[in-house]
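Just below is one structure, and these are the notes that go with it.
Now the structure itself:
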């Protein structure tokens with residue numbers, strides 16, 4: 118087993134570098150061009166969210182911004198009440214086709230492992 122294949126098995130996280138490498142391998146762009154493409158896509162998604170826009174990627178999902186109101190929470194160490202300030206959060210809602218694809222892969226993996 119190659120080092121790269123071993124990492125894919127041992128590590129459940131895919132990084133930006135992994136995606137860049139996949140674009141390089143599958144599309145044939147240089148590594149520099151692949152990196153620029155991935156960075157540009159991430160920058161466009163981020164900028165749209167900063168501007169208050171939702172980002173919908175067909176067959177993948179939708180990123181949405183929500184404004185949370187200030188509220189009283191609890192300090193987990195002391196149990197004392199603490200003010201949680203207002204904030205903006207990003208949520209992700211996966212598309213149905215994405216959910217189906219991930220679920221079928223997980224079910225196949227569990228089935229093959231005897232689970």
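In the numbering used here, the protein residues as written are 118 to 232.
Glycine residues also receive a C-beta, built at the ideal position from the N, C-alpha and C atoms.
Since the structure is predicted, the reported quantities are computational estimates derived from the model, not experimental observations.
Item: Reduced DSSP secondary structure (H/G/I, E/B, other) of residue 163; Value: helix
Item: Residue 134 - containing alpha helix (DSSP H), residue span; Value: 133-144
Item: Residues that residue 184 bridges to, as DSSP identifies them; Value: 205
Item: Three-state secondary structure assigned by DSSP to residue 213; Value: helix
Item: Nearest neighbour of residue 179, chosen from 189, 192, 165 [CA to CA]; Value: 165
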